[in-house]
C-alpha cells in the first residue's frame, strides 16, 4: 500500500493505492491521525485500491467519526469489489461515496 | 491439492495469499473472485494469527483443492489453537449509524456473503474452517 497526501487549504486528499488489509490498515490509520487537525474536508481517493478487508473498514469508520465532528469525508473512485463490500456491510449508509 | 503449513502470524498473511493466488491464476480465476478470496484469507488467517495461540505462536495449514462441474476452489484453514467457531457468532447489525457501529464480526460476515459455502468443525484438537468459491 502507498499513501499520497495533498493538502489544499483545509481540504486533504489522500490517494490510497494497493490493498487495505490487516497488515497495511494500521499504517493508514497512523497517517490519517497525524493529519486530521484543522481539516474540514477529507477526500479518500481509492482509484488504485484493489480491495479492503474489515481492518480497512475499521479505519474508515474511525475517520468518518472524526470528520463528522469537524467537517466531511468523501470516498472517490471505488472499484466494483470495494463497492460490493460497502453494500454488503451497510457501509454505503455510513460513508459518502462519490 | 496443495497445502502450506506456516507460522500463524500477521506477517505471513501475504505469503498465504500469494500461495493461494498461484493456484487461482493457474485456473484463470476471474479477478473479482481472486480479490474476494484474498479478503477471506486476510479475515480468516488474520483471526488465527490474532487469537488461536495467543500469546504464543503456532502453525496453521492452508489447503487448496479444486472441484469440477461447476469449477470451484475449496480452501481449508486448519489450526491447533483454542476451539473457536466463527460461524456461531450472530451477524452484526449493519443498519446502525457511524457512532453506534462496531467492527466486531464484520470480517466473518463479509466472508459469508462473498463465498458460496463456509463450514466449521472442531476435530482431533483442530479448528477446521472451509470456504468454497465458484469460479
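Residue numbers (this note's numbering), protein chains in the order written: chain B, 1 to 98; chain S, 1 to 135. For glycine and all other residues, C-beta sits at the position ideal for the given N, C-alpha and C.
Based on the DSSP secondary-structure assignment, which residues constitute the bridge partners of residue 73 (chain B)? For the purposes of this step, residue 73 (chain B) is taken as the residue at position 73 of the first chain. Under DSSP, residue 73 (chain B) takes part in a beta bridge, and its partners are B:42.
Decide if the region 57 to 66 of chain S is in contact with the region 98 to 115 of chain S; the criterion is three or more beta carbon pairs, one per stretch, under 8 Å apart. Too few Cβ pairs lie closer than 8 Å, so no.
Taking 8 Å as the threshold (C-beta atoms), are residue 44 (chain B) and residue 88 (chain B) in contact? As a working mapping, residue 88 (chain B) is identified with position 88 in the first chain. As a working mapping, residue 44 (chain B) is identified with position 44 in the first chain. No, the pair does not count as a contact, with Cβ atoms beyond the cut-off.
So, with DSSP's three-state summary, where would you put residue 41 (chain S)? On the second chain, position 41 is the one that residue 41 (chain S) refers to. Helix, per DSSP.
Proximal residues to residue 79 (chain B) (C-beta, below 6 Å), its chain only, five neighbours per side dropped: The residue labelled residue 79 (chain B) in the question sits at position 79 within the first chain. Answer for residue 79 (chain B): no residue qualifies.
Within 8 Å of any Cβ in chain S, is that where the Cβ of residue 35 (chain B) sits? In the first chain, counting from the first residue as 1, residue 35 (chain B) sits at position 35. Not closer than 8 Å to any Cβ of chain S, the Cβ of residue 35 (chain B) fails to qualify, so no.
What are the residues that DSSP puts in a beta bridge with residue 126 (chain S)? Looking up residue 126 (chain S) in the second chain gives position 126. Bridge partners of residue 126 (chain S): S:123.
Looking at residue 75 (chain S): is its Cβ nearer than 8 Å to the Cβ of residue 51 (chain B)? Walking along the second chain from the start, residue 75 (chain S) turns up at place 75. Walking along the first chain from the start, residue 51 (chain B) turns up at place 51. At the C-beta level, residue 75 (chain S) and residue 51 (chain B) stay beyond 8 Å of one another.
Closest residue to residue 14 (chain B) among B:93, B:47, B:38, B:92 (Cα-Cα distance): Stepping through the first chain from its first residue, residue 14 (chain B) is reached at position 14. That would be B:47, whose Cα lies nearest to the Cα of residue 14 (chain B).
Roughly how many angstroms lie between the CA atoms of residue 30 (chain B) and residue 36 (chain B), to the nearest whole one? Within the first chain, the letter at position 30 stands for residue 30 (chain B). Within the first chain, the letter at position 36 stands for residue 36 (chain B). Answer to the nearest angstrom: the Cα atoms are 10 Å apart.
For residue 115 (chain S), which option in S:37, S:79, S:26 has the closest C-alpha, if you only look at C-alpha atoms? The sequence position of residue 115 (chain S) within the second chain is 115, counting from 1. Residue 115 (chain S) has its Cα closest to that of S:37, out of S:37, S:79, S:26.
Expected contact under 8 Å - CB spacing of residue 106 (chain S) and residue 29 (chain S) to nearest Å: As a working mapping, residue 106 (chain S) is identified with position 106 in the second chain. As a working mapping, residue 29 (chain S) is identified with position 29 in the second chain. Not confirmed; about 25 Å, so no contact.
At the level of alpha carbons, what is the spacing between residue 126 (chain S) and residue 33 (chain B)? Counted from its first residue, the second chain places residue 126 (chain S) at position 126. Counted from its first residue, the first chain places residue 33 (chain B) at position 33. Their Cα atoms are separated by approximately 40 Å.
Across which residues does DSSP place residue 51 (chain B) in a beta bridge pair? Taking the first residue of the first chain as 1, we reach residue 51 (chain B) at position 51. According to DSSP, residue 51 (chain B) bridges with B:19.
Go ahead and pull the three-state DSSP assignment for residue 77 (chain S). Translated into positions along the second chain, residue 77 (chain S) becomes position 77. Here residue 77 (chain S) sits in strand by DSSP.
So which residues of chain B does residue 95 (chain S) contact, with C-beta pairs closer than 9 Å? Mapped onto the second chain, residue 95 (chain S) falls at position 95. Those are 90, 93, listed as they occur along chain B.
Could you tell me which residues DSSP pairs with residue 60 (chain S) in its beta bridges? Sequence index remark: in the second chain, residue 60 (chain S) carries index 60 (1-based). Answer by DSSP bridge pairing, in chain order: S:6, S:79.
Cβ contact check for the region 44 to 52 of chain S and the region 81 to 89 of chain S: 3 or more pairs under 8 Å: Enough Cβ pairs lie closer than 8 Å, so yes.
Under DSSP, the alpha helix (DSSP H) around residue 89 (chain S) begins and ends at which residues? Mapped onto the second chain, residue 89 (chain S) falls at position 89. Element bounds for residue 89 (chain S): n/a, residue is neither H nor E.
What did DSSP end up calling residue 103 (chain S) once you bin it into helix, strand or coil? The residue labelled residue 103 (chain S) in the question sits at position 103 within the second chain. Coil.
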